[in-house]
Every structure is written in structure tokens, then in C-alpha cells.
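Just so we're aligned: the sequence shown equals residues 6 to 153 in my numbering.
Cβ atoms here follow ideal geometry from the backbone N, Cα and C, with glycine treated the same way.
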Amino acid sequence: MDKDLKLNLYSSEFSTDTDISFVDTGIKAGFPSPAQDYLTGSIDLNRELIRHKETTFLARVSGSSLHEAGICDGDIIVIDKALEAKNGDFVVAFIDGEFTLKEFRYDERENCAWLIPHNKNYEPIKVTSENEFLVWGVLTYTIKQLRK
């Protein structure tokens, strides 16, 4: 298991009503178009990022097991405990007394789950009936700071 993973959990705060200007026409990653240099409305990040207020938590990632998937040390993740994990979802799982953050996969042939890291320094974790296991929540968004 990745012993370097630490998640600091925070409940989501809804007391603020902050609308942020929003460009709804799509931002091109190529040559900029002067015709699209205008705002089309505003967006409330609480409404955009959080579907289930009572079961949604934020956490700051500390660790590198999902680095190659773009989920990095210091990122803030949005976790929804109301969602059921599906193959390919990134989940916060509790296994044998420890939390971990991995990709969830279920193998019907072997009747077991796998927790898949996205870092070649970590091995996949096979979850069987022998393990104490719970999917604590499903990641719905990652928030990155790109400029420090």
C-alpha cells in the first residue's frame, strides 16, 4: 500500500455565493480568435462541482500513486460519497485500516476488485473477501493550482 498517501478532508462550504465570469463558447488551445474574446455569463462553482451537498467532501492529496493520471500531490479533489463506484472511477477506498486513492476496477471472472495506481512505483492492490474494504467515495473533480 502507498504509505505516503494522506488525505486531509474538508466539508464543502455553501455559505458563499460567488459567481465567477464564465466563457461558454469553448477555449481553444490553438491560435486565439479575437471574435471569442467575450464573456457569456457566470458560473457558481458550488453548483458546478457539487451534486450532493450532504455527502460531498474536499480533500487535499498528499502522495504520488495517481501522478501519471494527472492527480498530483497538492491537488484538491472533490469526493462524492453518494455515488456508487463503477469500473474506471477514481475512488477513496478504506482497505485493511488505511485510506487509499486509486482507480477502481471490478473483475467478474475472479470476483474481486482491484485498486489500480497510476505510478509505476506502486503495485495494484487485489481486494478479496479476506480484506476489510469499503469504497468511501468517488472522485468527481480535481482542482489544480497551476501557478504558485
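Item: Quick check: the Cα distance between Lys125 and Ser70, rounded to an integer number of angstroms?; Value: 8 Å
Item: With distances taken Cα to Cα, identify the nearest neighbour of Lys107 among Phe99, Ser47, Gly79.; Value: Phe99
Item: Quick check on the burial criterion: 16 or more other C-beta atoms within 10 angstroms. Buried or exposed for Ile161?; Value: Because the chain spans 6 through 153 in this model, residue 161 falls outside it and cannot be assessed.
Item: Short check: CB of Lys86 to CB of Gly46, under 9 Å?; Value: no
Item: Is Thr61 helix, strand or coil when you go by DSSP?; Value: strand
Item: Any idea which residues DSSP pairs Ile121 with across the strands?; Value: Glu108
Item: When the Cα atoms are used, what is the spatial distance from Gly93 to Gly75?; Value: 14 Å
Item: Looking at the structure shown, is Glu103 part of a helix, part of a strand, or coil, going by DSSP?; Value: strand
Item: Going by beta carbon distance, what residues of the same chain come within less than 6 Å of Glu73, once the five residues before and after it are set aside?; Value: His123, Asn124
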